[in-house]
Amino acid sequence: MSGGGCSIVWLRRDLRVEDNPALAAGVRAGAVIALFVWAPEEEGHYYPGRVSRWWLKHSLAHLDSSLKSLGTSLITKRSNDSISSLLEVVKSTGATQLFFNHLYDPLSLVRDHRAKEVLTSQGIAVRSFNADLLYEPWDVNDAYGHPFTTFAAFWERCLSMPFDPEAPLLPPKRIISGDISRCSSDPLVFEDESEKGSNALLSRAWSPGWSNADKALTTFINGPLIEYSKNRRKADSATTSFLSPHLHFGEVSVRKVFHLVRIKQVLWANEGNKAGEESVNLFLKSIGLREYSRYLSFNHPYSHERPLLGHLKFFPWVVNEGYFKAWRQGRTGYPLVDAGMRELWATGWLHDRIRVVVSSFFVKVLQLPWRWGMKYFWDTLLDADLESDALGWQYISGTLPDGRELDRLDNPQFEGYKFDPNGEYVRRWLPELARLPTEWIHHPWNAPESVLQAAGIELGSNYPLPIVEIDAAKARLQEALTEMWQQEAASRAAVENGTEEGLGDSFESTVIAFPQDIQMEEDYEPQRNNPPPPRRYEDQMVPSMTSSLIRIEEEETSSDIRILAEDSRAEVPTNAVVNQEPRSDILNHGNMQTIHSNTLPQHNTSGLRPAAEDSTAESSSSIRRERDGGVVPVWSPSTSSYSEQFVGDENGIGTSSSYLQRHPQSHQIINWRRLPQTG
DNA sequence: CGTAAGTTCTA
DNA sequence: AGAACTTAC
1 MSGGGCSIVW LRRDLRVEDN PALAAGVRAG AVIALFVWAP EEEGHYYPGR
51 VSRWWLKHSL AHLDSSLKSL GTSLITKRSN DSISSLLEVV KSTGATQLFF
101 NHLYDPLSLV RDHRAKEVLT SQGIAVRSFN ADLLYEPWDV NDAYGHPFTT
151 FAAFWERCLS MPFDPEAPLL PPKRIISGDI SRCSSDPLVF EDESEKGSNA
201 LLSRAWSPGW SNADKALTTF INGPLIEYSK NRRKADSATT SFLSPHLHFG
251 EVSVRKVFHL VRIKQVLWAN EGNKAGEESV NLFLKSIGLR EYSRYLSFNH
301 PYSHERPLLG HLKFFPWVVN EGYFKAWRQG RTGYPLVDAG MRELWATGWL
351 HDRIRVVVSS FFVKVLQLPW RWGMKYFWDT LLDADLESDA LGWQYISGTL
401 PDGRELDRLD NPQFEGYKFD PNGEYVRRWL PELARLPTEW IHHPWNAPES
451 VLQAAGIELG SNYPLPIVEI DAAKARLQEA LTEMWQQEAA SRAAVENGTE
501 EGLGDSFEST VIAFPQDIQM EEDYEPQRNN PPPPRRYEDQ MVPSMTSSLI
551 RIEEEETSSD IRILAEDSRA EVPTNAVVNQ EPRSDILNHG NMQTIHSNTL
601 PQHNTSGLRP AAEDSTAESS SSIRRERDGG VVPVWSPSTS SYSEQFVGDE
651 NGIGTSSSYL QRHPQSHQII NWRRLPQTG
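Going left to right, the first sequence walks through residues 1 to 679 as the UniProt record's numbering numbers them.
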């Protein structure tokens with residue numbers, strides 16, 4: 001027991017009692033107030049979607065009942081400002097300490113850093129922990145101490161780190177409750193009446209909550225894992241782990257997953273079970289990608305809204321809301337794509353392979369701005385996860401150094417026969433095609449009229465013709481790429497000549513406002529090769545969390561983001577390269593640099609704030625845990641000049657008013673309940 | 001044993 | 001789509 005007052009354990013996306021370092025620290029320190037603050041407005045544009053909120057609701061209820069059986073209960077606060085709520089709880093409970101686990105999305109990095117500052121200044125001892133990753137982002141560096149810029153190298157390093165990931169902690173045996181007599185819980189509303197009906201079906205397929213997550217993990221490890229390498233290429237998701245929503249909300253710790261899976265791997269290796277061993281490697285790789293998504297987000301806090309490779313700024317996206325609508329509705333005329341999109345809206349779930357299919361179709365065939373697609377995923381996926389989805393879309397869009405080739409355009413027809421060779425998946429989600437023979441199931445437009453008639457299909461009527469022909473898409477993609485490189489070269493020349501500093505208007509061409517008036521009418525008319533509408537400057541505003549960060553800067557005089565940045569510099573380890581340029585300068589004239597995709601990243605001076613790496617290089621895990629307790633990961637805008645290979649992370653957001661200010665309802669834009677249900 | 005064809009992979 | 005690797009004859 002330390003110093004009288006109790007501790008607040010601020011729970012966020014770590015909704016578990018097992019292997020929860022912040023909770024364990026609170027319990028060790030004495031009496032505990034377990035707190036959850038629901039402040040979705042803080043998420044800005046990324047207000048959680050319907051199914052995600054459904055999950056959260058149940059996960060919290062589950063956690064609350066676990067906490068109750070351990071001796072306390074979950075305090076819930078409804079808020080517009082997490083930090084005010086923290087202060088309020090401090091006041092009403094007399095807490096003297098705050099513990100929480102790290103998050104790595106851009107908003108949390110800033111918010112949590114500020115929380116630490118504000119609470120510390122009020123005399124509260126604040127400690128934070130790694131609970132979400134095998135290794136903290138700042139611990140994984142190349143031989144020169146620089147962050148990795150490709151996944152393979154990153155993951156290889158993770159698997160060969162000199163110290164193992166922390167072993168998972170057991171749940172506390174009991175929790176001494178802090179004094180909550182004067183601290184009331186707010187009722188949290190996660191779904192409105194109209195959403196309840198749609199959500200009712202979810203509980204048939206999913207069981208949120210940490211102990212259910214644990215069961216899902218065990219089931220997977222003892223079942224499908226061994227076949228993972230063999231089966232993972234099927235569109236049907238029978239062999240996936242189904243852990244992603246659990247992992248998103250931190251219902252199970254990734255360290256525990258890693259641990260148990262590794263044990264299984266050793267077992268299989270000893271038995272000489274090569275396939276099992278390989279399966280584990282592949283599964284762990286998908287865990288690694290999740291790690292990498294946090295790593296990227298930490299190193300490039302704008303990666304959810306801006307291509308990491310600069311030239312993509314100049315890609316002439318097709319701004320066609322008709323295409324976008326057809327994609328969402330599953331009416332593109334490509335059966336595998338459409339089946340995937342129908343499954344997504346009906347269930348909130350999509351196999352990883354199909355996510356790749358529908359998103360690469362979106363980017364490469366329709367050439368719609370990838371952020372629209374990412375936003376739709378955010379709104380509809382049960383496991384919507386900003387960092388993972390940003391990584392996925394950037395990978396597909398070819399905006400990562402190791403992403404897919406820009407000019408690669410996969411043919412959905414061939415992918416169909418690859419991932420759904422018998423057409424079962426298509427038939428399940430596209431009943432209108434159910435009677436079509438397998439021979440034609442993935443390319444009905446080629447089917448003889450008699451076959452279509454026998455199957456009851458009238459193309460263009462009850463199932464659309466392809467919205468864009470693949471050949472046309474290929475040609476258009478080539479044109480677009482040519483244009484992109486020309487613009488990129490022109491911009492670079494302009495910068496070199498000093499004619500133009502930064503990007504000027506050219507940047508704006510990729511930053512396209514999310515459509516505002518999406519209606520889900522069914523009377524969709526396929527549009528072919530419509531010229532993109534003219535792009536007005538006002539339309540280019542980014543719907544973004546970072547815009548809302550700027551708003552903080554503008555509106556909250558007491559918490560100027562520049563002050564935040566300067567303060568955080570105190571925590572910069574001495575070996576970090578610090579760009580002293582103040583943020584306001586950056587905003588006014590971005591020092592943007594663009595490069596060719598095939599140039600390898602060379603010097604990526606990190607602008608990260610691991611903070612307070614005070615002790616020496618001891619690698620004993622107990623000491624390390626102690627060290628982690630003092631660290632709050634902070635990304636500080638003033639110090640981010642990451643890599644010359646990448647877009648300057650601080651560029652391009654210099655427009656004055658925030659998207660949120662102008663579109664407060666933007667998160668409600670997609671009313672996808674009104675989509676026609678299939679089946 | 002050499003070449004062709006097939007398979008599997010790509011964050 | 002294309003490379004790299006494996007299998008078949």
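C-beta atoms are modelled at their ideal positions from N, C-alpha and C, and glycine is treated no differently.
Counting along the chain, residue 101 sits inside no alpha helix (DSSP H); it lies in the beta strand (DSSP E) bounded by residues 97–101. From the listed residues 201, 202, 228, 210, the smallest Cα separation to residue 285 is found for 228.
Residue 74 has 34 as its beta-bridge partners, per DSSP. Under DSSP, the beta-bridge partners assigned to residue 129 are 101.
Membership of residue 9 in the beta strand (DSSP E) is indicated by the continuous run 7–11. Residue 412 is not a Cβ neighbour of residue 295, given a cutoff of 8 Å. Of the residues assessed, residue 173 falls on the exposed side of the cut-off, its CB having fewer than 16 other CB atoms within 10 angstroms.
For residue 365, there is no enclosing alpha helix (DSSP H), as DSSP marks it with neither H nor E.
In this structure residue 139 is not in contact with residue 102, their Cβ atoms being roughly 12 Å apart against a cut-off of 8 Å.
By the C-beta density criterion, residue 253 is buried, having at least 16 other C-beta atoms within 10 angstroms. For residue 413, the enclosing alpha helix (DSSP H) begins and ends at 412–419. At the C-beta level, residue 217 and residue 289 stay beyond 8 Å of one another. Residue 406 sits close to residue 398, with the two beta carbons spaced by under 8 Å.
Residue pairing by DSSP puts residue 177 in a beta bridge opposite 32. With a cut-off of 8 Å on Cβ pairs, the stretch 350–366 is in contact with the stretch 326–336, counting three or more such pairs.
Inter-residue distance for residue 408 and residue 361 is about 11 Å (C-alpha atoms, whole angstroms).
Between the beta-carbon of residue 98 and that of residue 38 there is about 18 Å, and that puts the pair past the 8 Å contact cut.
In the structure shown, residue 201 adopts coil according to DSSP, grouped into three states. The C-beta separation of residue 152 from residue 402 comes to about 7 Å, placing the pair in contact by the 8 Å criterion. DSSP places residue 459 in the strand class (E or B) of the three-state scheme. Between residue 387 and residue 450, the beta carbon gap of about 50 Å keeps them out of contact (Cβ cut-off 8 Å). The criterion of a C-beta distance shorter than 8 Å is not satisfied by residue 62 and residue 168. The Cβ atoms of residue 425 and residue 235 sit closer than 8 Å to each other. Cβ-Cβ separation between residue 83 and residue 114: approximately 6 Å, consistent with a contact (criterion under 8 Å). In the three-state scheme derived from DSSP, where H, G and I count as helix and E and B as strand, residue 309 is classed as strand.
For the 8 Å CB-CB criterion, residue 348 and residue 312 do not form a contact. For residue 478, the three-state secondary structure derived from DSSP is helix. DSSP, read as helix, strand or coil, puts residue 251 in coil.
Under a 10 Å Cβ-count criterion, residue 85 is classified as buried, with 16 or more other Cβ atoms of the shown protein chains found around its own Cβ. DSSP, reduced to helix, strand and coil, places residue 158 within a helical segment of the structure shown.
In the three-state reduction of the DSSP assignment, residue 487 falls in the helix class. Of all alpha-carbon atoms in 177, 226, 477, the one lying nearest the alpha-carbon of residue 316 is that of 477.
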